[in-house]
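Report on the structure given below.
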Amino acid sequence: NLMTQNTWKLHPLLKIIDSTFITLPAPSNISSWWNMGSLLGLSLIIQLLTGLFLAMHYTADTSLAFSSITNICRDVQYGWLLRTMHANGASMFFICIYLHIGRGLYYGSYLYKETWNIGVILLFLLMATAFMGYILP
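Mapping of the sequence shown onto my numbering: residues 10 to 146, in sequence order.
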């Protein structure tokens with residue numbers, strides 16, 4: 010166990026991971042409501058990766074779009090899983106967004122006008138992006 014602790018402290022890449030995710034200094038009285046930003050980041054990474062892999066097999070032509078989706082689900086290895094993760098990931102992303110906004114409202118984050126306004130702009134951009142993804146042929 011001592012060897013493992015020393016490895017985390019000495020290896021340069023593991024040291025970065027340790028200081029970023031594991032031994033991150035945080036107040037002891039922080040609640041789980043403050044996890045929404047991290048969950049949003051994780052959801053965004055999952056959305057980007059699954060969207061990228063789906064785009065490799067998707068055909069945007071209106072006459073071929075449905076057959077390309079069928080091809081992804083039936084013939085691409087784990088394509089059904091990628092599509093399901095991408096579709097449900099969008100819902101998860103917006104659940105985290107709304108919880109993040111709710112926490113901001115509860116704790117009075119709207120008093121920081123610039124930060125709040127940037128958040129509102131980002132919300133509208135995310136809604137527009139999700140709508141564009143939803144109406145793909």
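Each residue gets a CB set at the ideal place from its N, CA and C atoms; glycine is no exception.
If you're wondering where the values come from, they're calculated on a predicted model, not measured in any experiment.
Apart from the five residues just before and just after residue i, which ones in its own chain have a Cβ nearer than 7 Å to its Cβ?
i      : result
Gln56  : His95, Gly98, Ala99, Phe102
Leu63  : Ile81, Leu91, Arg92, His95
Thr59  : Leu91, Met94, His95, Gly98
Thr68  : Ala74, Ser77
Met45  : Cys105, Leu108, His109, Arg112
Trp42  : Arg112
Thr138 : none
Can you give me the Cβ contacts of residue i inside the same chain, cut-off strictly under 8 Å, excluding the 5 residues immediately before and after it?
i      : result
Val85  : His66, Leu91
Asp27  : Trp17, Lys18
Gly142 : Gly60, Ala99
Leu53  : Phe102
Would you check if the distance between the CB atom of residue i and the CB atom of residue j is smaller than 8 Å?
i      : j      : result
Leu49  : His109 : yes
Leu23  : Thr29  : no
Tyr119 : Gly113 : yes
So, at 6 Å on beta carbons, what are the nonlocal neighbours of residue i in its own chain, with the 5 sequence-adjacent residues on each side left out?
i      : result
Gly88  : Ile81, Cys82
Trp125 : Tyr119
Ile127 : none
Ser47  : none
Taking 8 Å as the CB-CB limit, is residue i close to chain C?
i      : result
His109 : Here there is only one protein chain, and chain C is not present.
Is the number of C-beta pairs between the stretch 28-45 and the stretch 71-84 that are closer than 8 Å three or more? no
Contained alpha helix (DSSP H) runs [length at least 4] in the stretch 33-115, N- to C-terminal order: 45-64, 74-83, 88-115
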